[in-house]
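Take the sequence shown: its letter number 134 is residue 118 in this note's numbering, and every next letter is one higher. Quick reminder that beta carbons are idealized off the backbone N, C-alpha and C, glycines included. All of these numbers come straight from a predicted model, not from anything done at the bench. Data block below; observations after.
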Amino acid sequence: MAAVHAHHLGFGTDDLPSPGPTFAFLSGDPDRAEAIALAHLHEPWPLSRNRGLVSYLGSLEGTPVLSCTSGMGGPSTSIVVNELAQLGIRTIVRVGTTGSIQPHVAPGTVVVSQAALCRQGAARDLAPAEFPAAADPFLTVTLAEAAATIGVPHVVGVTASVDTFFEGQERTATSFNPMLLRRNVGMTEEYRALRIVNFEMEAGLLFTQSLIYGLAAGAVLAVIAQRTESERIVGADEAEAAVQAAIAVAVEGARRWLAR
Ligand code: URA
-15 MAAVHAHHLG FGTDDLPSPG PTFAFLSGDP DRAEAIALAH LHEPWPLSRN
35 RGLVSYLGSL EGTPVLSCTS GMGGPSTSIV VNELAQLGIR TIVRVGTTGS
85 IQPHVAPGTV VVSQAALCRQ GAARDLAPAE FPAAADPFLT VTLAEAAATI
135 GVPHVVGVTA SVDTFFEGQE RTATSFNPML LRRNVGMTEE YRALRIVNFE
185 MEAGLLFTQS LIYGLAAGAV LAVIAQRTES ERIVGADEAE AAVQAAIAVA
235 VEGARRWLAR
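Right, here's the structure in full:
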């Protein structure tokens, strides 16, 4: 592969071993990208810190892997996924947080997302609205089996990926803006009736982009809000426990994926 420098990620193929990594964990939160690398990768090595995007190289099962940051939302995710693909990454597991909209999916549960209702503007730059935002089915099964094996409560289901945390997820009580567009009023109830499990902000774009680029993508999402009860995020300790459960599922899933 000709040398590539990823402008936004802040590193390039010259910073990677040969053969290079083909697998990446992708977290919205740079601290989570770092925590995954430091706690779970063998010989973690900081590659870059650029524009809030933290990237680490390490290994798992004797294979080089990356732990990187998507940033929040579709536009940032689209740049990171494009650059990771240019650097040779072919499998991406998003490790994120989410709000449940189903009463039986409590905080602490991990949602293994099989597909997304993709209401994301950035995805419309890649494909028409009818394009399916689906996770890789084999990676999704691997992640769900990993969760079952290590005993993490999980559900496999459809996620709603939207562009905003407040208006786009029908938040008013915790938002500066009490006004919702008419089309957003009642949306959560409608999605619940469609058996959509949760709201988040990156998986739909990641799935769309990965299908178009020929990558395998999956998502494990820690439930940190229960929207049938409240708009609020649970307390810090409860949220951290949920995130650790999602990380454990992602890492066990990655081990299985890399060993197959
Ligand atoms: N992330 C979201 O997008 N929504 C939530 O409610 C929690 C995390």
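- Contact under 8 Å by Cβ, residue 196 with residue 111: yes
- Task: Would you mind sorting residue 133 into buried or exposed? The rule is 16 or more other CB atoms within 10 Å of its CB.
- Result: exposed
- Would you list the one or two residues that DSSP bridges to residue 184? 145
- How big is the Cα-Cα spacing for residue 162 and residue 154? 10 Å
- Is there at least one non-hydrogen atom of the ligand URA closer than 7 Å to the beta-carbon of residue 185? yes
- Task: Output the boundary residues of the alpha helix (DSSP H) element that contains residue 214.
- Result: Segment: none, residue 214 is in no alpha helix (DSSP H) and carries neither H nor E.
- Is the Cβ-Cβ distance between residue 0 and residue 41 less than 8 Å? yes
- Message: According to DSSP, is residue 41 part of a helix, a strand, or is it coil?
- Response: strand
- Item | Any non-hydrogen atom of the ligand SAM closer than 7 Å to residue 83 Cβ | Of the ligands one can find in the structure shown, namely the ligand URA, none is the ligand SAM.
- Could you work out which residue in 8, 3, 173 is closest to residue 238 when comparing CA atoms only? 8
- Task: May I ask which residues mark the beginning and end of the alpha helix (DSSP H) holding residue 134?
- Result: 121 to 134
- Can you say whether residue 116 is buried or exposed, counting buried as having 16 or more other CB atoms within 10 angstroms of its CB? exposed
- What distance in whole Å lies between the Cβ atoms of residue 191 and residue 119, which are believed to be in contact at a cut-off of 8 Å? 5 Å
- Item | Top-ranked residue by Cα proximity to residue 211, from 69, 156, 229 | 156
- Query: Can you give, in chain order, each stretch of the beta strand (DSSP E) that sits fully within the region 6 to 94 and has at least 3 residues?
  - Reply: 7 to 11, 26 to 34, 37 to 44, 47 to 53, 75 to 84
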